[in-house]
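Notes follow the structure.
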Amino acid sequence: MIVKSVTMISWELDPFYTRGGTAYAIRRLADQLTELGIETRVLLPEWPDTVHANDRRIVPLKMRAGVRRAPRVVQCSEFCQIALETFEQIRTNGGSDAVIAHSDEGAMFTVLQNGKRSSEPSVFWLHSLYDPPIDDLSKDQRRPLPSQSLLASAVMMANIVVTSTGILKDAREFEWPDRLKELQKALITASAEHRVLTVESMGCLPRNSEKRLTRSSNLENLKNVPSPYVLFPCRPSVDKGLGIFAAIAERLRGDNIACVAVQRPTPRAQPTNENASIYWLPWLTQDELLVAMRNAACTVLPSITEGFGLAAAESISHGVRTLYQEVGGHHSLPALPNALAVPLTTSERAQLYDLWSELISVDPDSWAIWTRHEISLRPLVDKWVDAIRSVVYRTDGGIENIPFPEPPVEERWGNKLRHRIAFADT
Numbered sequence: 002m003i004v005k006s007v008t009m010i011s012w013e014l015d016p017f018y019t020r021g022g023t024a025y026a027i028r029r030l031a032d033q034l035t036e037l038g039i040e041t042r043v044l045l046p047e048w049p050d051t052v053h054a055n056d057r058r059i060v061p062l063k064m065r066a067g068v069r070r071a072p073r074v075v076q077c078s079e080f081c082q083i084a085l086e087t088f089e090q091i092r093t094n095g096g097s098d099a100v101i102a103h104s105d106e107g108a109m110f111t112v113l114q115n116g117k118r119s120s121e122p123s124v125f126w127l128h129s130l131y132d133p134p135i136d137d138l139s140k141d142q143r144r145p146l147p148s149q150s151l152l153a154s155a156v157m158m159a160n161i162v163v164t165s166t167g168i169l170k171d172a173r174e175f176e177w178p179d180r181l182k183e184l185q186k187a188l189i190t191a192s193a194e195h196r197v198l199t200v201e202s203m204g205c206l207p208r209n210s211e212k213r214l215t216r217s218s219n220l221e222n223l224k225n226v227p228s229p230y231v232l233f234p235c236r237p238s239v240d241k242g243l244g245i246f247a248a249i250a251e252r253l254r255g256d257n258i259a260c261v262a263v264q265r266p267t268p269r270a271q272p273t274n275e276n277a278s279i280y281w282l283p284w285l286t287q288d289e290l291l292v293a294m295r296n297a298a299c300t301v302l303p304s305i306t307e308g309f310g311l312a313a314a315e316s317i318s319h320g321v322r323t324l325y326q327e328v329g330g331h332h333s334l335p336a337l338p339n340a341l342a343v344p345l346t347t348s349e350r351a352q353l354y355d356l357w358s359e360l361i362s363v364d365p366d367s368w369a370i371w372t373r374h375e376i377s378l379r380p381l382v383d384k385w386v387d388a389i390r391s392v393v394y395r396t397d398g399g400i401e402n403i404p405f406p407e408p409p410v411e412e413r414w415g416n417k418l419r420h421r422i423a424f425a426d427t
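Residue 59 in this note's numbering sits at position 58 of the sequence shown, and the numbers go up by one each step.
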């Protein structure tokens, strides 16, 4: 089959609505598909404060008044119902060769679509292991789910499941906590049934021509940061490893190594005084962040969980020495001189999954949950502190920051997806 058109179901898309790396990833996938000559529609929720990008591919969906005050899983469920109705109209008016539902926000679409007679393959793109509790859904909303796990339900029902080799590696090598067992089983089953397509973060990087380097007033704050410094280049939240980074910062206070992170895009008090040892920069644009990364001794990414590890991949691709934790999507980061793994034992990976399962049951940015695990993860913090000291204080010239070559065209997400859709058996 020649793939001529696809429809994507997404909660966010840079710059339409951006909360994290997923928005950039979906934008780049849409751009790659468009470059391949594939007509690409992106169905998105329309909120009053949404940035309206001048992009004819966007199909904004009007949300019911008041739904934004509902729990997030309810908002997403209602969005997916509206998206399904819109997709039925698209099917009637010419159709789509495939429909791609992104992350937990689009999972319900895959479930609902499964109950419809359709000829086009359904693709469920698993960007992260965030599996929201479904308790807030009504009985009618829960009825189509074959599992108590929203993500597991989507994985069970999709014709094609996209994830990273690292997520599958973790699923096969140790037992996940009860909160994630249904998802683990669904992924292993989907892989055995040859329904899984694995793609890696390097296939989602922007082209070299897209990289920009500018100076701005935001970066003036770097002048007040002692040198050398290490940078935490992610969204500042517990699930991205902020708790581990805060513990590292406290340990490095006596080593004359500054630990720098970026504040949230809107003013908000930091949750606890565990952050007192961190130097905070204002929220940075992508090109400003690049300046901060290149001035750092290294970037550090002690993530609790990772779907693809896009932040680490971008840091590595810019020739920045990058320390990362071998969990989930980080497993597949290439063994380049500037990609430096802090190795984890299988037991330590299982500990991180235990922490993650508690966070998604309450709040991925819960410092109370992190505090309960902090003592048991001190040996891991020790590894990080030793690794950072080793990189910063090397006396043999250190590790050369080298340019990263353009990833092979065949590894780009759009190319791999087009090929898989073309040969999908629905």
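Note that beta-carbon positions come from the ideal geometry of N, C-alpha and C, so glycine has one too. All of these numbers come straight from a predicted model, not from anything done at the bench.
Local conformation of Gln149 per DSSP, three classes: In the structure shown, Gln149 falls within a coil segment according to DSSP collapsed to helix, strand and coil.
Report the three-state DSSP secondary structure of Arg42 (helix, strand or coil). strand
So, under 8 angstroms CB-CB, Ile487 and Leu324 are touching, yes? Tell me the CB distance rounded to an integer number of Å. This structure does not reach residue 487, given that the chain is present from 2 up to 427, and the question cannot be answered.
Just confirm the distance between the C-beta atoms of Phe80 and Pro46, as a whole number of angstroms; I'd bet it's less than 8 angstroms. 5 angstroms
Leaving out the 5 sequence neighbours to the left and right, which residues in its chain are closer than 6 angstroms to Asn222 when beta-carbon positions are compared? Taken in chain order, the residues that qualify are Leu282.
Going by Cα to Cα distance, which pick from Ile317, Gly310, Asp387 and Gly95 is closest to Tyr25? When each option's Cα is compared against that of Tyr25, the closest is Gly310.
Write down the C-beta distance between Ile10 and Ala66 rounded to the nearest angstrom, noting that I regard them as a contact closer than 8 angstroms. About 22 angstroms separates the Cβ atoms of Ile10 and Ala66, ruling out a contact at the 8 angstroms cut-off.
Any idea what DSSP makes of Lys63, helix, strand or coil? strand
To which residues does DSSP link Ala259 through a beta bridge? DSSP, once it has assigned bridges, lists Tyr230 as partnering Ala259.
Which of helix, strand or coil does DSSP assign to Trp12? DSSP, reduced to helix, strand and coil, places Trp12 outside both helices and strands of the structure shown, so it counts as coil.
Per-residue burial, Ala312 [other beta carbons within 10 Å of its own, 16 or more giving buried]: Label assigned to Ala312: buried.
Whole-angstrom Cβ separation of Gly21 and Ser165, contact assumed at under 8 angstroms? With 8 angstroms as the limit, Gly21 and Ser165 do not qualify as a contact, their Cβ atoms being about 16 angstroms apart.
What are the start and end residues of the alpha helix (DSSP H) that includes His420? Trp414 to Ala423
Of the residues Arg73, Asp105 and Thr93, the one placed nearest Thr23, counting alpha carbons only: Asp105
Other residues of its chain near Ser154: CB distance less than 6 angstroms, five sequence neighbours each side excluded: Val112, Leu146, Pro147 and Ser148
For Ser367, three-class secondary structure by DSSP: coil
Among Leu130, Val75 and Lys224, which residue has its Cα nearest to the Cα of Lys140? When C-alpha distances from Lys140 are compared across Leu130, Val75 and Lys224, the shortest belongs to Val75.
Quick one: residues in its chain with C-beta nearer than 6 angstroms to the C-beta of Ala259, no 5 flanking neighbours on either side, listed in chain order? Val226, Pro227, Tyr230 and Tyr280
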